[in-house]
Amino acid sequence: MRKASRSIGAKEDVGSNHFDLLGVDPSSKARAGILHLPHGDVETPIFMPVGTAGTVKAVHQQELKDQVGAQIILGNTYHLYLRPGTEVIQKAGGLHKFNNWNLPMLTDSGGYQVYSLSKQRKIKEEGVKFRSHIDGSLHVFTPESAIDIQRKIGADIIMAFDECTPYPCEEKYATKSMHLTHRWLDRCLTHHEGTTGLYGYDQILAPIVQGSTYPHLRKQSAEYIASKEMPINAIGGLSVGEPHEEMYAMTSLVCDTLPQDKPRYLMGVGTPANILECISLGIDMFDCVLPTRNARHGLLYTSRGIVHIRNEKWKQ
RNA sequence: GGGGGUGCGCCGGAGUAGGAGAGCCGGGCCAGACUGUAAAUCUGGUGUCUCUGACUGAAUAGGUUCGAGUCCUAUCACCCCCA
Numbered sequence: 005m006r007k008a009s010r011s012i013g014a015k016e017d018v019g020s021n022h023f024d025l026l027g028v029d030p031s032s033k034a035r036a037g038i039l040h041l042p043h044g045d046v047e048t049p050i051f052m053p054v055g056t057a058g059t060v061k062a063v064h065q066q067e068l069k070d071q072v073g074a075q076i077i078l079g080n081t082y083h084l085y086l087r088p089g090t091e092v093i094q095k096a097g098g099l100h101k102f103n104n105w106n107l108p109m110l111t112d113s114g115g116y117q118v119y120s121l122s123k124q125r126k127i128k129e130e131g132v133k134f135r136s137h138i139d140g141s142l143h144v145f146t147p148e149s150a151i152d153i154q155r156k157i158g159a160d161i162i163m164a165f166d167e168c169t170p171y172p173c174e175e176k177y178a179t180k181s182m183h184l185t186h187r188w189l190d191r192c193l194t195h196h197e198g199t200t201g202l203y204g205y206d207q208i209l210a211p212i213v214q215g216s217t218y219p220h221l222r223k224q225s226a227e228y229i230a231s232k233e234m235p236i237n238a239i240g241g242l243s244v245g246e247p248h249e250e251m252y253a254m255t256s257l258v259c260d261t262l263p264q265d266k267p268r269y270l271m272g273v274g275t276p277a278n279i280l281e282c283i284s285l286g287i288d289m290f291d292c293v294l295p296t297r298n299a300r301h302g303l304l305y306t307s308r309g310i311v312h313i314r315n316e317k318w319k320q
């Protein structure tokens with residue numbers, strides 16, 4: 005495997021050419037490319053391990069780099085904002101310095117927490133009021149504040165603030181939510197353009213396609229997102245419990261609508277089979293908690309199927 | 001050798017001053033779940049059988065009693081004290 009080159013703390017703007025599409029599979033829609041980011045290049049298709057609170061759980065940084073070969077990892081705006089807190093990270097000089105990870109990073113905006121913490125939040129046009137899952141304190145996330153926090157965290161790629169809808173989701177609500185996400189995207193874009201990275205490099209803002217499992221909504225949302233002409237386009241609101249066939253159908257439809265020359269990021273996917281299938285549909289980037297969570301829960305994917313390594317029969 | 005105490009589930013603990021147990025809590029084990037992480041978490045199972053219901057079961061063997069895990073006798077095992 006080729007080692008991704010590195011340009012730590014690169015001050016120069018990497019320019020509009022963030023992505024080189026190297027090849028397309030003639031028998032599927034699978035692609036190979038290189039994504040150029042301030043902290044190095046990333047080979048796509050890529051799986052990005054999730055380190056919600058700034059660290060990939062149960063894996064040492066060294067293992068993550070040397071054995072796992074991770075080229076980019078995730079962090080989460082909501083969780084980092086609550087703990088250790090945005091100011092702490094900013095004082096450290098950004099998340100890269102805070103956790104000593106000098107390769108690319110991406111932060112999710114907190115949009116997933118609109119879904120996963122739905123019991124303790126309220127959505128309004130302005131933004132989302134969250135009750136902290138740690139101490140119950142009240143916090144407001146808006147498209148603008150989500151960008152501000154992500155500026156302070158300093159990831160190479162930052163995500164638009166969206167609503168990840170649950171499954172199943174009524175069409176009426178899915179429509180309303182999609183439009184809200186679109187309006188929030190416009191605010192994110194404006195705020196992103198009006199601000200700069202705090203640590204001497206550009207941060208790419210990625211918009212997110214929503215629309216639940218409704219083809220016409222997905223198409224409409226994909227067209228809207230594509231019209232923004234951002235360097236990376238993301239697909240959200242999938243892998244939330246819908247049948248795989250629906251997930252593939254939506255992914256396929258959206259991939260066919262999004263531009264060819266930009267990386268496509270399918271958020272929250274998935275199982276090994278999901279990933280292979282979606283690569284063949286044209287997805288370039290993935291993230292999922294499944295490998296780390298399942299590993300912590302003693303579940304291994306093997307060539308002979310799933311193994312629960314903690315079971316007595318696997319012990320010596 | 002003498003005295004005292006304790007014995008039920010795979011393990012540990014709780015409980016029972018004769019009156020409803022396949023039965024409390026924890027662990028282990030077995031199975032399942034987990035998809036932009038409120039998750040080293042959660043759910044279910046864990047005596048036997050011909051399984052919508054039965055049967056057996058409180059160290060072992062007897063006894064008292066309408067009724068015994070509980071009381072009595074003997075035996076066995078373990079723990080404590082004395083010699």
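Residue numbering for the first sequence follows this note's numbering, starting at 5 and increasing by one per position.
Heads up, the beta-carbon is just placed ideally off N, CA and C, and yes, glycines get one too.
Going by alpha carbons, who is nearest to residue i out of the options?
i, options, result
"T48", "G98, L303 and D288", "D288"
"L262", "A277, S243, V273 and P235", "P235"
"D190", "T146, I161, L202 and P172", "T146"
"K69", "Y205, V144 and W105", "W105"
"P108", "M182, A74 and G245", "A74"
"S141", "Y116, L86, A277 and D112", "L86"
"A164", "S149, P170 and A178", "S149"
"G3", "L99, Y171 and H22", "With the chain covering only 5 through 320, there is no way to say anything about residue 3."
"K27", "Q214, K266, L304 and Y305", "According to the sequence provided, residue 27 is Gly. The question's Lys does not apply to it. Minimum Cα distance to G27 is reached at K266."
"V72", "L202, Q214, I208 and M52", "M52"
"S32", "G204, H137 and D260", "D260"
"I208", "D291, P30 and R155", "R155"
"I138", "D29, L84 and A253", "L84"
By how many angstroms is the C-alpha of residue j removed from the C-alpha of residue i?
i, j, result
"E175", "L221", "9 Å"
"D166", "I151", "12 Å"
"K7", "G89", "Legend: pLDDT at K7 = 39, less than 50; position of this residue unreliable, value from coordinates given subsequently. Near 33 Å, if we compare the C-alpha coordinates of G89 and K7."
"V311", "L41", "37 Å"
"V273", "Q94", "30 Å"
"S284", "L242", "17 Å"
"V1", "K317", "Here the chain comprises residues numbered 5 to 320, so residue 1 is not present and cannot be evaluated."
"E281", "F134", "35 Å"
"I212", "E67", "31 Å"
"I321", "I77", "The structure shown has nothing for residue 321, since the chain only spans 5 to 320."
"T81", "F102", "14 Å"
"H186", "R308", "44 Å"
"A230", "T200", "23 Å"
"L294", "K61", "12 Å"
"A226", "A238", "9 Å"
"S122", "E233", "31 Å"
"L129", "V118", "Going by the sequence as given, residue 129 is Glu instead of Leu. When rounded, the distance between both Cα atoms is 13 Å."
"C168", "N315", "36 Å"
"I50", "V63", "18 Å"
"T111", "A159", "6 Å"
"E91", "C192", "21 Å"
"W188", "R125", "17 Å"
"Y269", "G286", "10 Å"
Which class does residue i belong to by DSSP, given the choice of helix, strand or coil?
i, result
"M251", "helix"
"C292", "strand"
"H301", "coil"
"K133", "strand"
"G89", "helix"
"V258", "helix"
"T185", "helix"
"L121", "coil"
"I287", "coil"
"T306", "strand"
"K128", "coil"
I need the boundaries of the beta strand (DSSP E) containing residue i, first residue and last residue.
i, result
"T48", "G44 to T48"
"L39", "R35 to L41"
"T3", "What the structure shows of the chain is the stretch from 5 to 320, and residue 3 is not part of that stretch, so it cannot be assessed."
"H312", "G309 to H312"
"Y269", "R268 to L270"
"G27", "F23 to V28"
"I161", "I161 to M163"
If I follow the unbroken alpha helix (DSSP H) through residue i, where does it start and stop?
i, result
"I283", "P276 to S284"
"H100", "L99 to F102"
"L84", "T81 to L84"
"I153", "P147 to I157"
"D70", "Q65 to D70"
Worksheet item: Where in the region 189–243 do unbroken runs of the beta strand (DSSP E), each at least 3 residues long, occur, reported from the N-terminal end onward?
Response: The qualifying runs are 208–210 and 237–239.
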